[in-house]
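Novice: This structure is in structure tokens; I'll ask about it shortly.
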Amino acid sequence: MRVACDVGGTFTDVCFLNEATGTMHVAKTPTTVDPIDGVIAGIAAGGVNLADISLFAHGTTLATNALITRKFPPAIMITTEGFRDVIEIRRGTRNDLWDTYKEMAGPYIPRRDRLTIRERVDYSGKVLVEVDEAEAREVARVIAKRGVKTVAICFVNAFANPANEQRMRDILESALPDCSISLSSDIMPEIFEHERFSTTVANAVLSPVAGAYTRDLATRMEEGGYTEDVLLLHSGGGVVTAKGASKFAGRLAASGIAAGAIASRFVARLSGFEDSISLDMGGTSTDISLCNKGELSVTDDWHVEYGYPIKFPSIEVLTIGAGGGSLAWIDDAKSLRNGPQSAGSNPGPACYDRGGDQPTNCDANVLLGRLGTRLAGGAVGLDRDLAEAAIRKHVADPLGLTPEEAAIAVLKVANANMADAVRLVSIRKGHDPRDFALVAFGGAGALHGAALARDLSIPTVLVPPNPGVTSALGCLLVDITHDISQMYLHNIDEIELPDMEAAFVELEKEGFDRLSNEGVAPKDMVFERFIDMRYLGQWRAMAIQVSSPLTTLADAVASFHVDHGREHNYSRPDAPVEIYRISVRATGMTQKAEFARNEPDGAAATPVGTRMVRFDELPEAIETPIYDRDRLTAGMRVEGPAIIEQLDSTILVPPGISADVDPYLTIRMDIPPAD
-7 MRVACDVGGT
3 FTDVCFLNEA
13 TGTMHVAKTP
23 TTVDPIDGVI
33 AGIAAGGVNL
43 ADISLFAHGT
53 TLATNALITR
63 KFPPAIMITT
73 EGFRDVIEIR
83 RGTRNDLWDT
93 YKEMAGPYIP
103 RRDRLTIRER
113 VDYSGKVLVE
123 VDEAEAREVA
133 RVIAKRGVKT
143 VAICFVNAFA
153 NPANEQRMRD
163 ILESALPDCS
173 ISLSSDIMPE
183 IFEHERFSTT
193 VANAVLSPVA
203 GAYTRDLATR
213 MEEGGYTEDV
223 LLLHSGGGVV
233 TAKGASKFAG
243 RLAASGIAAG
253 AIASRFVARL
263 SGFEDSISLD
273 MGGTSTDISL
283 CNKGELSVTD
293 DWHVEYGYPI
303 KFPSIEVLTI
313 GAGGGSLAWI
323 DDAKSLRNGP
333 QSAGSNPGPA
343 CYDRGGDQPT
353 NCDANVLLGR
363 LGTRLAGGAV
373 GLDRDLAEAA
383 IRKHVADPLG
393 LTPEEAAIAV
403 LKVANANMAD
413 AVRLVSIRKG
423 HDPRDFALVA
433 FGGAGALHGA
443 ALARDLSIPT
453 VLVPPNPGVT
463 SALGCLLVDI
473 THDISQMYLH
483 NIDEIELPDM
493 EAAFVELEKE
503 GFDRLSNEGV
513 APKDMVFERF
523 IDMRYLGQWR
533 AMAIQVSSPL
543 TTLADAVASF
553 HVDHGREHNY
563 SRPDAPVEIY
573 RISVRATGMT
583 QKAEFARNEP
593 DGAAATPVGT
603 RMVRFDELPE
613 AIETPIYDRD
623 RLTAGMRVEG
633 PAIIEQLDST
643 ILVPPGISAD
653 VDPYLTIRMD
663 IPPAD
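Structure, rendered in structure tokens:
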């Protein structure tokens, strides 16, 4: 069995894939105080012994939550004299530009723990002032006295020459052998001090957290009979071993959101779509990403808290406050709003009957009959009367609407918010959403998928077999990856190809060493090369993939002009182009299991019941057939209007739309163009 686990704030989702048959089943258990207990319980709930697992992959919000809550061991930052406050000055920007009184969150390492030392390297890498060993040993003494075992070394211009950082590390290691040390020249060897320092500090403070967690998880798994590596999903859409996670812990800071994007791409590909948009709608938020020609959008401009960038490559995911529990409310201008406030899991939506009295998207769906009276296989009861009372009091009466009209309005505002977010990841980047399929998943995604597709003229909606645990599935579909980069500032006309080829070879050697250290055989290693290019004088660059060995840059430059025109709406083929950075993606290929393909059996879909449902397209509620998804087999078709229910989600099939079950049990809805 291959097992993947996604630990969320409320539930721990576990996905099981049988290598021999390609069949999959899932389990869902409450997240525990110690997340490892929930992981082990989830595997047990799936009826699988640890000794029978051939591969275990894990996505977690552990690192993200540690940064948000500041729950990590104390750390020391050692930097060049005069640069102690770089990470506190930041870029001088604010999350809320107009609120000058709103306090920014402080750095992850407070000022008293940022120590300085006399040293200096110039812009070209020339060492102007070497590390003073006596001063360095005094710094080591102070660290030992404070009992701190985590250090970030961040020297000015270390990206150009790491010699001083490496010498400081050697001195610390001899004096403090148990200390965990992160060097900025190892973690992020790039120009711009704040971004490099910030990424290194985040990596340093997370290292003991990730290290302890991965060691404990590996130990618990081994005690149960699991003998392979514990793999953890990182922000770039690959996995690292427990050993790699401890050294590059900052890469785990976006572990959770990457899994859904990966799974969405896989589901779309199985259904024949290389271009897809991922809609992962949960209880509190919606994560949206885009896959173009089989490639997920990647960014190195992201953060957990504003002002403290983490420059590791990350799958680009836009998160908005739109979920099943998002609150509907009326602002001071008497306009209906939706989110980002959420009822959360406690007290939850009004229909949960746990004390909540504010209307949510969930309440609107219950009132309209789109959701039944039970969720999660009967584990959660939904009270329609409580939903109606909340919507009447807070939306319908203030706006002069009936409760049903108010509920439809609530959901239309939620859909409009999500449509705007989809436009940001597609149209704003030069992509037409009409050329993509929409993969709707998460607990609430399938309820809103068809309406959202109509708003955006997206022709196809795909709903995976297990929408509520699709993110866990993503953890099964990844390889071990490392991204290694190096500054390479040159005008394109000045590049000597042999020199650039030699630089790429050095990066590939480092990638080879990292993968070898994680037990990857040479035959399973793949190396991809990228050049970050920009028009001369620009601030930001675009990554363009190049071939190996490197024989010409003409094709890369041509691709840059095309991509720049698509994403930024202008291209200047006559303008000089500059190389900013080169990078290598080192991939250790993991064995992939095939998912079972099901042949149609000719049977027809049969409803298991009916209920009154109000659709946007109709003036009043109509009796609507209800289908059990577990009884739908490959080749079956459900004609809308219809409701398809399953353990972890509900699918809304509006009038005039049909839902077809494909050979991989994905439901496909083809959305006719608007009149």
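Position 667, counted from 1, in the sequence shown is what our numbering calls 659; the numbers after and before it change by one each time, with no gaps.
From the three backbone atoms N, C-alpha and C, an ideal C-beta is built for every residue, glycine too.
Here the structure is a predicted model, which means the values were calculated and not measured.
To the nearest angstrom, how far is the alpha carbon of Q478 from that of D26?
Specialist: Cα-Cα distance, rounded: 39 Å.
Novice: According to DSSP, which residues form a beta bridge with R104?
Specialist: None, per the DSSP bridge assignment.
Novice: Check the DSSP bridge columns for E615 and list the partner residues they point to.
Specialist: In DSSP, E615 forms a bridge with M604.
Novice: Among V193, P456, A335 and R212, which residue has its Cα nearest to the Cα of G299?
Specialist: It is V193 whose Cα lies nearest to the Cα of G299.
Novice: Taking a contact to mean a Cβ-Cβ separation below 7 Å, would you say M160 touches A132 in this structure?
Specialist: Not a contact, by the Cβ cut-off of 7 Å.
Novice: Of the choices P332, G230, I179 and R526, whose alpha-carbon is the least far from that of F151?
Specialist: That would be I179, whose Cα lies nearest to the Cα of F151.
Novice: Count the other CB atoms, across all protein chains shown, that sit within 10 Å of the CB of N353; report buried if there are 16 or more and exposed otherwise.
Specialist: Per the 10 Å Cβ criterion, buried.
Novice: Take V417 and list the residues in its own chain whose beta-carbon comes closer than 6 Å to its own, dropping the five residues that flank it on each side.
Specialist: Excluding positions up to five away in sequence, the list reads I280, L282 and L310.
Novice: Over the uninterrupted alpha helix (DSSP H) stretch that includes S277, give me the two end residues.
Specialist: Neither: S277 is in no alpha helix (DSSP H) and is coded neither H nor E.
Novice: For the structure I just gave you, are there three or more beta carbon pairs, one from the stretch 469 to 489 and one from the stretch 570 to 587, closer than 8 Å?
Specialist: The answer is yes - the stretch 570 to 587 touches the stretch 469 to 489, with three or more Cβ pairs under 8 Å.
Novice: What does a CB cutoff of less than 8 Å around I109 pick up in its chain, not counting 5 residues either side in sequence?
Specialist: Same-chain partners within the cutoff: I70, T71, T72, E73, V123, D124, E127, A128, V131 and M160.
Novice: Who does P301 pair with in a DSSP beta bridge?
Specialist: According to DSSP, P301 bridges with H295.
Novice: What residues in its chain sit with their C-beta under 6 Å from that of A445, if we drop five residues either side in the sequence?
Specialist: Taken in chain order, the residues that qualify are L430, V453 and I663.
Novice: For the stretch 204 to 211 and the stretch 227 to 242, state whether three or more C-beta atom pairs, one from each stretch, are separated by less than 8 Å.
Specialist: Yes: the two stretches touch, three or more of their Cβ pairs being nearer than 8 Å.
Novice: Write down the C-beta distance between G51 and S318 rounded to the nearest angstrom, noting that I regard them as a contact closer than 8 Å.
Specialist: With 8 Å as the limit, G51 and S318 do not qualify as a contact, their Cβ atoms being about 23 Å apart.
Novice: Once DSSP output is grouped into helix, strand and coil, what is the label at M628?
Specialist: M628 falls in the coil class under three-state DSSP.
Novice: Can you tell me which of E591, C7 and V372 puts its alpha carbon nearest to the alpha carbon of A49?
Specialist: Out of E591, C7 and V372, C7 has the C-alpha closest to the C-alpha of A49.
Novice: Exposed or buried, which one is T598 when buried takes at least 16 other CB atoms within 10 Å?
Specialist: Per the 10 Å Cβ criterion, exposed.
Novice: Can you look up R329 in the DSSP assignment and give me helix, strand or coil?
Specialist: Residue state, collapsed to three classes: strand.
Novice: Any heavy atom of the ligand COA closer than 6 Å to the beta-carbon of I400?
Specialist: Although the ligand COA was asked about, the structure shown includes no ligands whatsoever.
Novice: With a 10 Å radius around its C-beta and 16 neighbouring C-beta atoms as the bar for buried, classify L89 as buried or exposed.
Specialist: Classification for L89: exposed.
Novice: Can you say whether N670 is buried or exposed, counting buried as having 16 or more other CB atoms within 10 angstroms of its CB?
Specialist: This structure gives no information on residue 670, because the portion of the chain shown stretches from -7 to 667.
Novice: In the DSSP assignment, the alpha helix (DSSP H) including M213 goes from what residue to what residue?
Specialist: Element bounds for M213: E185 to E215.
Novice: Just to confirm my understanding: we take E570, look at its own chain, exclude 5 residues before and 5 after, and list those with CB closer than 6 Å. What are they?
Specialist: Once the five neighbours on either side are set aside, the close Cβ partners of E570 are N483, R526 and L528.
Novice: Would you call the CB atoms of V201 and F64 closer than 7 Å?
Specialist: Yes. Within cutoff.
Novice: My understanding is that G316 touches G275, with C-beta atoms under 8 Å, so please give their C-beta distance in whole angstroms.
Specialist: With a Cβ gap of about 5 Å, G316 and G275 count as contacting.
Novice: Beta-carbon within less than 6 Å of L262's beta-carbon, same chain only, minus the 5 sequence neighbours each way: which residues are those?
Specialist: Taken in chain order, the residues that qualify are Y656.
Novice: When burial is assigned at 16 or more other CB atoms within 10 Å of the CB, is E111 buried or exposed?
Specialist: Result: buried.
Novice: Using DSSP with H/G/I as helix, E/B as strand and the rest coil, what is A578?
Specialist: A578: strand per DSSP, three-state reduction.
Novice: Go ahead and label P181 buried or exposed: buried means 16 or more other beta carbons lie within 10 angstroms of its beta carbon, across all protein chains shown.
Specialist: Under this definition P181 is a buried residue.
Novice: Tell me which residue opens and which closes the alpha helix (DSSP H) that V27 is part of.
Specialist: It should be noted that the sequence gives Pro, not Val, for residue 27. Counting along the chain, the alpha helix (DSSP H) containing P27 begins and ends at P27 to A37.
Novice: Would you mind stating whether I79 and S190 have Cβ atoms separated by less than 7 Å?
Specialist: Yes, the Cβ-Cβ distance between I79 and S190 is below 7 Å.
Novice: Enumerate in chain order the residues of its own chain whose CB-to-CB distance from L468 is below 7 Å, with the five nearest sequence positions on each side excluded.
Specialist: Around L468: R(-6), A(-4), C7, L9 and A49.
Novice: Tell me the rounded alpha-carbon separation between F258 and P395.
Specialist: C-alpha separation (whole angstroms): 40 Å.
Novice: Verify whether the separation of the beta carbon atoms of I145 and E157 is less than 7 Å.
Specialist: It is a contact, given that the beta carbons lie within the stated cut-off.
Novice: Comparing C-alpha positions only, which one of D(-2), A535 and K94 sits nearest to A33?
Specialist: Taking only the C-alpha atoms, the option nearest A33 is D(-2).
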